[in-house]
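Participant: Per our numbering, residue 63 is the first one in the sequence shown, and the count goes up by one each step.
Every residue gets a Cβ at the ideal spot worked out from N, C-alpha and C, and that includes glycine.
Computed from a predicted structure; not experimentally measured.
Dumping the structure here so I can ask a few things about it.
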Amino acid sequence: MNRDPHEQTAAELSLAFAGHEVSPMEVAKALLERIAALDGEINAFCLVDPQVTLIQAEQSERRWMAGAPLSPLDGVPVAIKDLLLTSGWPTLRGSRTVDPKGPWTIDAPSVARLKEAGAILLGKTTTPEFGWKGVTDSSLSGITRNPWNKDLTPGGSSGGSAAALGARFCPLALGTDGGGSIRMPAHFTGVFGLKPSFGRVPAFPLSPFGTVAHIGPMSRTVRDAAMLLEVIARPDERDWYALPYQPTDYLAGLGEPLSGKRVAFSPRLGWAKAVDPEIEGLVAAAARRFADLGADVEEIDPPAGDPTEIFRVLWWASAGNLFGDLPQNVLELIDPGLRAVAEGGKRISQKDYLAANLARADYGSQMRQFMTRYEFMLTPSVATPAFAAGQLSPDRDDGKAWLGWTPFSYPFNLTQQPAASVNCGFTKSGLPVGLQIVGRMFDDGGVLSAAHAYELSNPLHEKVPPGF
């Protein structure tokens with residue numbers, strides 16, 4: 063193998079294992095050493111358990127030597143966001159309200175599928191408390207920082223997973239996305255993240271934030287994300303919201319060209335206000351590249367308007383339900399920002415909550431009808447580049463938490479469509495910028511294919527943060 067293990071993608075590692083060029087044990091040891099040496103600078107992991115990781119690596123090595131790997135991901139290291147249950151390891155959700163003693167005897171469906179596939183679990187990645195905000199810091203785990211500039215945030219709430227990928231601690235990671243929590247940190251750190259169609263990846267227990275919450279793959283390359291999605295999309299009867307399982311070879315679909323595809327380009331969705339000019343320019347250039355690749359690109363806004371208040375009511379009410387009955391001494395342990403959101407949510411009336419659900423249905427219907435005319439829609443992933451670590455927003459918080467600077471992400475949690483963020487360039491100060499590719503409902507493979515075609519034409523994933 064010509065490159066160090068931390069530089070290898072999941073696809074490259076799988077081929078190297080098959081060819082006996084490197085062993086899962088060698089890779090696991092190298093990545094654990096890298097985490098030990100460098101993670102103190104960014105705080106991507108809240109739990110690393112070398113003993114368990116190396117046992118899994120040894121078992122994988124035996125399978126590859128015997129010519130009997132469990133899957134192409136056998137022996138490939140994966141980081142797990144600390145909102146996903148992992149038996150034997152505490153899942154503290156970034157909160158001092160969770161008892162570390164457990165018991166921790168259950169695997170979330172995505173984690174169970176990874177273990178069945180022989181993947182190596184590297185550890186748990188940091189998250190803000192219960193994944194409530196678009197940056198990653200908590201009183202339990204501290205502040206997580208961006209590998210491209212350690213004074214800045216990696217975004218959130220899957221910021222630990224994104225930072226770990228950006229710093230080359232792992233080739234794969236799991237994220238969750240209830241309002242942009244995969245796509246926002248992918249944008250801030252220059253990695254790839256996919257929010258699949260709702261129900262594509264089974265969840266258990268279900269998110270307290272309801273049917274806006276998705277689980278998806280994060281990686282440095284689209285090909286790696288396709289490999290990961292193929293595993294974690296396998297069925298699990300514990301999730302009664304899950305889509306009917308359809309075995310899909312997501313890798314096989316990556317070669318489809320963009321030629322002839324109808325693509326809507328919406329720089330502001332028709333209503334987003336403050337978008338950074340550099341981001342607008344880079345995303346517009348990415349849309350032109352789609353046209354250069356043969357797509358029929360039309361600049362047009364979807365008709366459904368601004369859904370911010372719909373999302374705010376549903377999300378805030380869920381927070382109020384989650385924390386509404388906690389005693390005062392426990393509430394005092396919670397992030398003050400989250401506590402304020404929960405208190406606001408408790409004041410939302412049943413009538414307003416039901417009205418928001420009806421408005422969501424209308425919004426989703428309009429978006430689905432709009433998408434019958436287009437295979438994909440292109441937007442920025444986030445309206446701002448990375449800002450100071452430890453802050454909730456790039457400017458003073460206006461009481462809407464992260465909603466003001468993330469207008470492109472949460473609309474597609476409401477509609478449940480697949481949406482991905484792929485690196486489309488860097489600001490003059492060297493910060494990554496994400497292009498969001500939104501697909502028709504259920505067309506996860508199409509989004510992966512479009513992202514792959516763009517990535518091949520503009521392989522920015524090969525750039526590495528200074529010092530990493």
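Thinking C-beta only, is Arg245 closer than 8 Å to Asp239?
Facilitator: Yes; because the gap between Cβ atoms is below 8 Å, this pair is in contact.
Participant: Is it right to say Glu292 is buried, meaning 16 or more other beta carbons lie within 10 angstroms of its own, or is it exposed?
Facilitator: Buried, because 16 or more other Cβ atoms sit within 10 Å of the Cβ of Glu292.
Participant: Quick one: Cα of Ala421 to Cα of Leu465, how far?
Facilitator: The alpha-carbon atoms of Ala421 and Leu465 are separated by roughly 18 Å.
Participant: If we count the other Cβ atoms within 10 Å of its Cβ and call it buried at 16 or more, is Pro369 buried or exposed?
Facilitator: Per the 10 Å Cβ criterion, buried.
Participant: Tell me, please, whether the segment 492-500 touches the segment 438-448 by the rule of three or more beta-carbon pairs shorter than 8 Å.
Facilitator: A contact exists between the segment 492-500 and the segment 438-448.
Participant: Please name the residue or residues paired with Leu316 in a DSSP beta bridge.
Facilitator: Paired residue(s): none; Leu316 is not in a bridge.
Participant: Quick one: give me the first and last residue of the beta strand (DSSP E) that Ala80 is part of.
Facilitator: Ala80 -> not in any beta strand (DSSP E); alpha helix (DSSP H) instead, spanning 72-80.
Participant: Check Met433 in the structure and name its three-state DSSP category.
Facilitator: DSSP places Met433 in helix when its eight states are reduced to three.
Participant: In the structure shown, what three-state DSSP assignment does Asn208 receive?
Facilitator: Looking at Asn208 - three-state DSSP - the assignment turns out to be strand.
Participant: DSSP on Gly332, reduced to helix/strand/coil?
Facilitator: If DSSP states are grouped into helix, strand and coil, Gly332 belongs with coil.
Participant: What do you get for Asp136, buried or exposed, if any count of 16 or more other CB atoms within 10 angstroms of its CB means buried?
Facilitator: Asp136 should be labelled buried.
Participant: Does the beta-carbon distance from Leu493 to Pro527 come in below 8 Å?
Facilitator: No, these two residues do not count as a Cβ contact at 8 Å.
Participant: List the whole-angstrom C-beta distance separating Leu234 from Leu147, where the pair is believed to meet the contact cut-off of C-beta under 8 Å.
Facilitator: Not really, about 18 Å apart at Cβ, beyond 8 Å.
Participant: Evaluate Ile294 with the Cβ neighbour count: other Cβ atoms within 10 Å of its Cβ, from every protein chain shown; 16 or more gives buried, anything less gives exposed.
Facilitator: So Ile294 ends up on the buried side.
Participant: Looking at C-alpha atoms only, which residue of Gly272, Arg285, Phe260, Leu227 is the closest neighbour of Gly278?
Facilitator: Comparing Cα-Cα distances from Gly278 to each of Gly272, Arg285, Phe260, Leu227, the minimum goes to Phe260.
Participant: Between Thr310 and Leu214, what straight-line distance do the alpha-carbon atoms span, to the nearest angstrom?
Facilitator: Distance between the alpha carbons of Thr310 and Leu214 is about 38 Å.
Participant: May I have a chain-ordered list of the alpha helix (DSSP H) segments no shorter than 4 residues that lie completely inside the segment 170-197?
Facilitator: Within the segment 170-197, the complete alpha helix (DSSP H) runs of at least 4 residues are 171-178.
Participant: Could you tell me the alpha carbon to alpha carbon distance between Pro521 and Pro165, rounded to whole angstroms?
Facilitator: Spanning the two alpha carbons is a distance of roughly 44 Å.
Participant: Are the CB atoms of Ala181 and Ala336 within a distance shorter than 8 Å?
Facilitator: Taking 8 Å as the Cβ cut-off, Ala336 and Ala181 do not qualify as a contacting pair.
Participant: To the nearest angstrom, report how far apart Glu405 and Val392 are at their CA atoms.
Facilitator: Those two C-alpha atoms are separated by around 14 Å.
Participant: Could you pull out every residue in the same chain whose Cβ sits closer than 7 Å to the Cβ of Gly356, ignoring the five residues on either side in sequence?
Facilitator: Excluding sequence neighbours, Gly356 sits near Pro319, Leu320, Ser321, Gly322.
Participant: Suppose you measure from the CA of Ser269 to the CA of Trp377; what does that come to, to the nearest Å?
Facilitator: Near 11 Å, if we compare the C-alpha coordinates of Trp377 and Ser269.
Participant: Return yes when the Cβ of Leu476 is within less than 8 Å of the Cβ of Val274, no when it is not.
Facilitator: Closer than 8 Å, so yes.
Participant: Helix, strand or coil for Arg300? Go by DSSP, reduced to three states.
Facilitator: Note: Arg300 maps to coil in three-state DSSP.
Participant: Looking only at its chain, what residues have a beta carbon closer than 8 Å to the beta carbon of Asp169, apart from the 5 residues adjacent to it on each side?
Facilitator: These residues qualify, in order along the chain: Leu147, Thr148, Ser149, Lys177.
Participant: What number of angstroms, rounded off, separates the C-alpha of Phe373 from the C-alpha of Gly241?
Facilitator: Approximately 9 Å, taken between the alpha carbons.
Participant: Pull up the CB-CB distance for Val495 and Leu344, whole angstroms please, since I reckon it's below 8 Å.
Facilitator: At roughly 5 Å, the Cβ-Cβ gap stays under 8 Å, so Val495 and Leu344 are in contact.
Participant: In angstroms, rounded to a whole number, what distance separates the CA positions of Asp298 and Arg262?
Facilitator: When rounded, the distance between both Cα atoms is 11 Å.
Participant: Have a look at the DSSP bridge pairing and note the partners of Glu360.
Facilitator: Bridge partners of Glu360: Ala326.
Participant: Output the distance between the C-alpha atoms of Ala265 and Gly426, rounded to the nearest integer angstrom.
Facilitator: Ala265 and Gly426: Cα-Cα distance of roughly 22 Å.
Participant: Please name the residue in Gly255, Arg65, Arg351, Gln390 whose C-alpha comes closest to that of Pro480.
Facilitator: Here the closest residue by C-alpha is Gly255.
Participant: Taking the beta strand (DSSP E) that Ala481 belongs to, which residues open and close that run?
Facilitator: First-last of the beta strand (DSSP E) with Ala481: 481-488.
Participant: Go through the segment 385-452 residue by residue and report every complete run of the beta strand (DSSP E) that reaches 3 residues or more, in order.
Facilitator: As far as the segment 385-452 is concerned, its whole beta strand (DSSP E) runs of at least 3 residues are 438-442.
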